[in-house]
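Chemist: Residue numbering for the sequence shown follows the working numbering, beginning at 18 and increasing consecutively. Backbone N, C-alpha and C define an ideal beta-carbon position, used for all residues, glycine too. Mind looking over this structure? Questions follow.
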Amino acid sequence: MVTLSTANEALKTMYLDVVANQLNTNTHPFLAKIEKTSVDVVGKNVKKLVPYGVNGGVGAGTETGSLPSSGYNNYVLFTSTLKNLYGTIEISDKALRASSNEAGAFVNLLNAEIEGMLSASRFNMSRMLYGNGSGLLTTGVATSSGGYTFTAESLNNLMVGMSVDIYVNSVFSHTARILSWDYELNTLTFDVAATADMADEDNVVSLYLQGSKDKEITGLGAIFGGSNLYGLNVSDYEFLKPTTKTVTSSNFSISSLMEVIDELDEQKGAKINFITGSFDARRKYQSLIASSKLNLDVMNLEGGYKAISFNGIPFITDRFVESCEIYMLNSDDFKLHQLCDWEWISNDKGQILKQKEGYPIHTATLVKYAELICDKPGGQGKLTIS
18 MVTLSTANEA LKTMYLDVVA NQLNTNTHPF LAKIEKTSVD VVGKNVKKLV PYGVNGGVGA
78 GTETGSLPSS GYNNYVLFTS TLKNLYGTIE ISDKALRASS NEAGAFVNLL NAEIEGMLSA
138 SRFNMSRMLY GNGSGLLTTG VATSSGGYTF TAESLNNLMV GMSVDIYVNS VFSHTARILS
198 WDYELNTLTF DVAATADMAD EDNVVSLYLQ GSKDKEITGL GAIFGGSNLY GLNVSDYEFL
258 KPTTKTVTSS NFSISSLMEV IDELDEQKGA KINFITGSFD ARRKYQSLIA SSKLNLDVMN
318 LEGGYKAISF NGIPFITDRF VESCEIYMLN SDDFKLHQLC DWEWISNDKG QILKQKEGYP
378 IHTATLVKYA ELICDKPGGQ GKLTIS
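Below, the structure written as structure tokens:
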């Protein structure tokens, strides 16, 4: 017979390693390449001393002349808060009791809940890689006051079933769940009716993942668009500034991609080993290859992913990349600093699956405290096709 005790044991011994591996290696091909480490974690923060430039104590001289003067390394301190990443499953008491006499039914129930959490976690972790830490999903306006339809600027960061916090002019309004969407019209339907201020076109309506505003990991959006990075003013440090180029669609070429990569190598010593772009950017690249009568090579990546190849560098596509943008990155410059790997939250009795107080529901929560740090922000590049 399945009991809460056996369910807790199953989550702890059978599911945890599998779930952690799935989230670490099968979430995103770029995340799979990034080293996970507990180094430089100090309390609730990441404090990382990062060198920049070269050591000045090197030189040539005569056989009996003076030695080069010493020249210490240049350092700056990166400081950022560990972000709290959660994933929660819920099983009703009724469903738990209905499957208690059949182990297979319970396993299927647990598998379904965990797979749903994994799917949502992979989606949001991938999205955060390209975000700036603010958690902003999109902006838009409600069709009408009291209606359930919302017209969004973009649906790329959204998914049916997501619970989102709605802010009007930067002030929290309420939480709603996405029931459906129309990708052609850029509209979605909420389970809660819109308020009058959401339908006012003069107001800025913003959507954030529930409870996540300004609490997400520091992704590429902060590196390529922020004025402050890891506690430093970007304008004060040249090595914090990535390389960005813009070309018109008619001038987009294989050479324009190589120009960014070569400039990063020549000027900043960066060795690009990963490219990620939007779907329309990939189509433009594929058209270039076809018109040049070149072969389009395919590469196998860690985690079972496939990518097309550009000059031996994997080139993947992602829905979270802005239209007509291509990132050129060195995965070796990134580290996911973590207090621990994915773990279940347990109470003082060691229980993982616990009753939600006041409700006939049992919940279990997976947690990871982590922050993404790029040691060399200036060694990353982006090409925009206008």
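Can you tell me the Cα-Cα spacing of leucine 400 and glycine 242, whole angstroms?
Modeler: Near 14 Å, if we compare the C-alpha coordinates of glycine 242 and leucine 400.
Chemist: Alpha carbon to alpha carbon, how far is arginine 299 from threonine 334? Give it in angstroms, no decimals.
Modeler: Distance between the alpha carbons of threonine 334 and arginine 299: 7 Å.
Chemist: Give the range of the beta strand (DSSP E) segment to which threonine 12 is assigned.
Modeler: Residue 12 lies beyond the stretch modelled for the chain, which goes from 18 to 403, so this question has no answer here.
Chemist: In terms of residue numbering, what span does the alpha helix (DSSP H) encompassing valine 277 cover?
Modeler: 271 to 285 is the extent of the alpha helix (DSSP H) around valine 277.
Chemist: List the DSSP bridge partners of leucine 191.
Modeler: The sequence as given places histidine at residue 191; leucine does not occur at that position. The partner list for histidine 191 (beta bridge, DSSP) reads Ile183.
Chemist: Would the beta-carbon of isoleucine 240 fall within 8 Å of that of proline 259?
Modeler: Yes. Within cutoff.
Chemist: Any C-beta of chain B sitting closer than 8 Å to the C-beta of glutamate 119?
Modeler: Given the protein chain composition of this structure (a single chain), no chain B is represented.
Chemist: Run through DSSP, which three-state label would lysine 230 get?
Modeler: coil
Chemist: Between Asp297, Val59, Glu107, Ser272, which lies nearest to leucine 370 when the distance is taken from Cα to Cα?
Modeler: Of the listed residues, the one whose Cα sits closest to leucine 370 is Glu107.
Chemist: Check whether the segment 251 to 270 touches the segment 383 to 395, counting contact only when three or more Cβ pairs, one atom from each stretch, lie closer than 8 Å.
Modeler: yes
Chemist: At the level of alpha carbons, what is the spacing between glycine 78 and proline 85?
Modeler: Taking the straight line joining both Cα atoms gives about 8 Å.
Chemist: For valine 75, count neighbouring C-beta atoms within 10 Å of its own C-beta (all shown protein chains included) and say buried if the count is 16 or more, exposed if not.
Modeler: It is exposed - the Cβ of valine 75 has fewer than 16 other Cβ atoms within 10 Å.
Chemist: According to DSSP, what are the bridge partners of alanine 324?
Modeler: Met316
Chemist: Go ahead and pull the three-state DSSP assignment for tyrosine 103.
Modeler: strand
Chemist: Could you tell me whether the segment 247 to 254 touches the segment 315 to 322, where touching means 3 or more Cβ pairs closer than 8 Å?
Modeler: Segments in contact, no.
Chemist: Considering Cα atoms alone, identify which of Gly152, Tyr302, Lys385 is closest to valine 36.
Modeler: Lys385
Chemist: What does DSSP give as the partner residues of phenylalanine 351 in its beta bridges?
Modeler: DSSP lists Cys391 as partners of phenylalanine 351.
Chemist: Between Leu113, Ser272, Glu170, Phe269, which lies nearest to threonine 23 when the distance is taken from Cα to Cα?
Modeler: Leu113
Chemist: Counting pairs of beta carbons, one from the segment 171 to 190 and one from the segment 218 to 229, are three or more of them closer than 8 Å?
Modeler: yes
Chemist: Please determine, among Glu374, Asn101, Val188, the residue with the shortest C-alpha to C-alpha distance to methionine 215.
Modeler: Val188
Chemist: From this set, His379, Lys352, Lys111, which residue's C-alpha is nearest serine 363's C-alpha?
Modeler: His379
Chemist: Considering only the beta carbon of each residue, do aspartate 33 and tryptophan 361 sit closer than 8 Å?
Modeler: The residue asked about is misnamed: residue 33 is leucine in this sequence, not aspartate. Contact flag set, yes.
Chemist: When DSSP labels each residue in this structure, what does leucine 370 get in the three-state scheme?
Modeler: coil
Chemist: How about phenylalanine 14 and isoleucine 330: are their beta carbons less than 8 Å apart?
Modeler: The question about residue 14 has no answer, for the chain in this structure spans 18 to 403.
Chemist: Which class does methionine 2 belong to by DSSP, given the choice of helix, strand or coil?
Modeler: One cannot answer for residue 2 here, as it falls past the ends of the chain, which runs 18 to 403.
Chemist: Quick one: is alanine 193 buried, meaning 16 or more other Cβ sit within 10 Å of its Cβ, or exposed?
Modeler: buried
Chemist: Would you call the segment 163 to 170 and the segment 205 to 224 in contact, with 3 or more CB pairs under 8 Å?
Modeler: yes
Chemist: Measuring only the C-alpha atoms, how far is serine 97 from isoleucine 390?
Modeler: 8 Å
Chemist: Is the Cβ-Cβ distance between leucine 175 and leucine 154 less than 8 Å?
Modeler: yes
Chemist: Could you tell me which of Lys29, Leu21, His45, Ala27 sits nearest to glutamate 319, measuring between CA atoms?
Modeler: His45
Chemist: So, helix, strand or coil for isoleucine 51, using DSSP?
Modeler: coil
Chemist: Figure out for me which residue from Val59, Asp110, Gln39 has the closest Cα to the Cα of glutamate 374.
Modeler: Comparing alpha carbon positions, the residue from Val59, Asp110, Gln39 closest to glutamate 374 is Asp110.
Chemist: Shortest alpha-carbon distance to isoleucine 278 belongs to which of Ser267, Asn268, Lys262, Ser266?
Modeler: Lys262
Chemist: In whole angstroms, give me the CA-to-CA distance for serine 304 and threonine 54.
Modeler: The straight-line gap from Cα to Cα measures roughly 40 Å.
Chemist: Leaving out five residues before and five after arginine 336 in sequence, what residues of the same chain have Cβ atoms less than 6 Å from its Cβ?
Modeler: Asn173
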